Amino acid sequence: MLDKTSITAFGHLINGEIVDRADKGGIDVLDPSTGAVFARLPRGGQAEVDRAVEAARAAYEGPWGAMTATERGRVLMRLSALILDNFEDLAKLESLDTGKPMKQARADITATARYFEYYGSAADKHHGETIPYSKGMTVMALRVPHGVTGHIIPWNYPSQIFGRSVGGALAAGNACVVKPAEDACLTPLKISELALEAGLPAGALNIVCGLGMEAGAALAAHVGINHISFTGSPQTGTAVAKAAAENQIPVTLELGGKSPQILFEDADLDEALPVVVNAIVQNAGQTCAAGSRVLIQRSIYDKVMAELTRRFSALKTGPGADDLDCGPIISAKQLQRVTMLVEAALADGAKVVARATLADGAPKDGFYYPPMLVDGASPQSTIAQDEVFGPVLAAFPFEDEAEAIRLANATPYGLTASVWTRDGGRQMRCAHAIESGQVFINNYGAGGGIELPFGGMKRSGYGREKAFEGMVSFTTIKTVVMKHG
Ligand code: NAD
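Residues in the sequence shown are numbered from 77 upward in steps of one, following the numbering used here.
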């Protein structure tokens with residue numbers, strides 16, 4: 077798909093045209109596995125966002141808005157099929173752009189195709205209600221799209237988060253303007269070209285590349301959008317929500333987590349431990365729903381730590397294309413952030429009990445951080461409270477169920493959690509008591525589950541994406557009251 081011997085110039089997608097290809101200037105795109113520049117993006121700002129919003133409005137009021145729900149669904153289903161037709165190329169591009177191992181990139185493209193299949197097949201099954209109000213009157217609560225929706229996408233799962241966000245929005249009948257992350261956004265650009273091939277009218281889906289402070293801020297504050305969906309850091313989410321508040325538009329915020337994985341002494345450890353490790357190593361820990369804390373009942377603490385040590389030590393980190401257990405971190409800036417957070421924890425008394433290895437021959441300029449198991453951090457420390465967004469698992473002991481729940485809830489976040497126990501009563505008590513948008517019992521789906529409503533409690537954000545619920549978020553209700561006697 078890309079000629080690796082030269083730097084590929086990408087453009088925005090506005091009104092069905094690829095424009096402003098960044099031959100010179102613009103934003104360099106680095107391969108995290110090598111640190112080398114391999115592509116360039118244009119640096120859009122207010123003017124490009126204006127053009128994209130105008131194109132989206134015209135499509136919404138024109139050909140896209142005129143399509144029936146069934147026709148919209150068929151376009152999205154065709155897009156899903158085209159993604160699968162281009163599967164291996166897209167997976168390679170995702171792996172190159174983000175550094176993720178090929179098996180993860182393939183899983184991401186599979187999920188992206190599934191989002192468009194799911195929302196395509198849901199498009200004509202989503203309808204409003206009638207309300208028994210008064211004799212001689214019929215009241216309808218119509219489910220209608222917002223109009224033009226804005227989508228600010230992060231770099232950790234560019235294709236999947238693009239799929240879940242615009243999939244639901246387009247199925248509901250909105251026209252979209254996307255600002256993908258400057259660090260990784262090539263698969264959304266390629267997939268949006270496939271969307272045109274699938275029959276999506278020009279302007280129904282627009283992508284403006286650029287920096288967060290420029291293109292992102294311009295989109296969040298734009299008077300021409302009717303809803304904005306944001307996934308990323310709490311700080312940026314706050315800025316986006318403030319900008320949206322100026323225009324009184326609804327917002328969906330997905331802001332990450334500090335998700336606990338709780339191991340009780342009666343857990344099936346053979347089943348649990350591979351999942352516990354994967355939940356933090358997947359995508360080099362750069363997953364909003366990463367299981368970044370493991371809470372272990374004291375009676376099995378030493379045994380579990382010994383087994384986790386063995387498993388972490390056996391992991392290998394290296395280039396995405398080599399398809400090892402863990403790829404690089406997305407950028408030098410994020411690598412530095414992870415390193416600093418861990419150093420602060422170690423200075424505070426935490427200890428590294430196990431570390432994965434870097435594969436022989438891993439390029440020295442790649443952004444590698446082999447997975448790490450940390451013990452002895454205080455539950456109040458930053459590493460226990462805040463997203464590290466790297467492959468760092470912090471372990472904490474607990475005595476009993478009450479303490480497990482207290483520790484699980486003792487962070488500002490509430491996105492996902494897992495509980496490993498054979499005790500049915502405890503499973504349900506924990507599910508109810510843990511303040512989290514998702515609770516997994518005897519399994520864990522870090523970021524997975526197209527069919528599962530996903531979103532946060534507390535500072536993990538609000539609103540839901542994924543599942544049917546994700547499509548509902550992209551609609552509003554119009555009440556029609558008809559007096560007919
Ligand atoms: P970020 O929140 O700054 O960036 C996410 C998206 O927001 C990108 O598309 C970016 O261009 C855009 N953006 C940035 N500033 C903006 C602004 N002022 N207005 C509108 N859009 C803006 O995240 P980051 O700096 O790339 O990463 C920092 C930390 O955020 C990470 O270490 C991690 O903890 C967290 N993060 C979380 C997720 C998640 O999935 N929840 C994803 C990425 C990053």
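We treat Cβ as the ideally placed atom computed from N, Cα and C, and that holds for glycine. As the structure is a computational prediction, the values presented were derived from the model and not from experiment.
Buried versus exposed call for residue i [16 or more other C-beta atoms within 10 Å across all chains shown]
i, result
"MET416", "exposed"
"TYR233", "buried"
"ALA187", "buried"
"GLY292", "buried"
"GLU475", "exposed"
"ALA408", "exposed"
"MET448", "buried"
"THR492", "buried"
"ALA360", "buried"
"TYR445", "buried"
"SER268", "buried"
"TYR209", "exposed"
"GLY239", "buried"
"LYS564", "The first residue shown for the chain is 77 and the last is 561, placing residue 564 beyond what the model contains."
"ALA421", "buried"
"LYS542", "buried"
"MET178", "buried"
"ILE307", "Sequence inspection shows Thr at residue 307; the Ile mentioned does not correspond to that position. Buried is the call here."
"THR206", "exposed"
Collapsed DSSP secondary structure at residue i in the structure displayed
i, result
"GLY111", "coil"
"VAL556", "strand"
"TYR538", "strand"
"MET448", "strand"
"LEU400", "coil"
"ASP200", "helix"
"PRO264", "helix"
"HIS298", "coil"
"GLU527", "coil"
"ASN519", "coil"
"SER494", "strand"
"PRO139", "helix"
"ALA366", "coil"
"ASP565", "This structure leaves residue 565 out entirely; the chain is present only between 77 and 561."
"LEU117", "strand"
"SER389", "helix"
"GLN564", "Since the displayed the chain opens at 77 and closes at 561, residue 564 lies outside it and no answer follows."
"LYS318", "helix"
Rounded distance between the beta-carbons of residue j and residue i, thought under 8 angstroms
i, j, result
"CYS506", "ILE304", "The Cβ separation is near 34 angstroms, so there is no contact."
"PHE192", "ILE159", "7 angstroms"
"VAL253", "VAL224", "7 angstroms"
"GLU565", "GLY490", "Residue 565 is absent from the structure shown; the chain starts at 77 and stops at 561."
"GLY333", "CYS364", "6 angstroms"
"GLY437", "GLY175", "No, GLY437 and GLY175 are not in contact; Cβ-Cβ is about 16 angstroms, not under 8 angstroms."
"ILE94", "ALA131", "Not quite, the Cβ-Cβ distance comes to about 13 angstroms (not below 8 angstroms), so this is no contact."
"LEU566", "SER235", "As displayed, the chain neither begins before 77 nor continues past 561, which places residue 566 out of reach and without an answer."
"GLY196", "LEU152", "3 angstroms"
"ALA217", "THR555", "5 angstroms"
Residue i: CB within 7 angstroms of a non-hydrogen atom of ligand 1
i, result
"VAL418", "no"
"ASP259", "yes"
"ARG219", "no"
"PRO488", "no"
"MET533", "no"
"ILE301", "no"
"GLY120", "no"
"GLN412", "no"
"GLY288", "yes"
"PHE114", "no"
"GLU330", "yes"
"CYS364", "yes"
"LYS255", "yes"
"PRO230", "yes"
"THR312", "yes"
"VAL316", "yes"
"SER238", "Rather than Ser, the amino acid found at residue 238 in this sequence is Phe. The answer is no for PHE238."
"PHE465", "yes"
"GLY249", "no"
"ALA293", "yes"
"ALA421", "no"
"ALA134", "no"
Cβ-heavy atom distance, residue i to ligand 3, below 7 angstroms
i, result
"GLY308", "The ligand content of the structure shown is limited to ligand 1, which means ligand 3 is not among them."
Exercise for the section: Indicate whether the contact test is met: 3 or more Cβ pairs, each with one atom in the stretch 235 to 250 and one in the stretch 92 to 112, closer than 8 angstroms. Expected result: no
Exercise for the section: Assess, as a yes-or-no matter, whether the stretch 269 to 286 is touched by the stretch 298 to 305 under the definition of 3 or more beta carbon pairs within less than 8 angstroms. Expected result: no
Practice task
Determine, using beta-carbon pairs with one atom in the stretch 135 to 146 and one in the stretch 371 to 391, whether at least three such pairs fall under 8 angstroms.
Solution key: no
Practice task
Take every Cβ of the stretch 201 to 215, pair it with every Cβ of the stretch 535 to 553, and state whether three or more of those distances are shorter than 8 angstroms.
Solution key: yes
Problem - Contact the stretch 164 to 174 vs the stretch 121 to 140: 3+ CB pairs below 8 angstroms - result: no
Exercise for the section: Spell out a yes or no on whether the stretch 449 to 459 and the stretch 414 to 431 are touching, meaning 3 or more CB-CB pairs, one atom from each, closer than 8 angstroms. Expected result: yes
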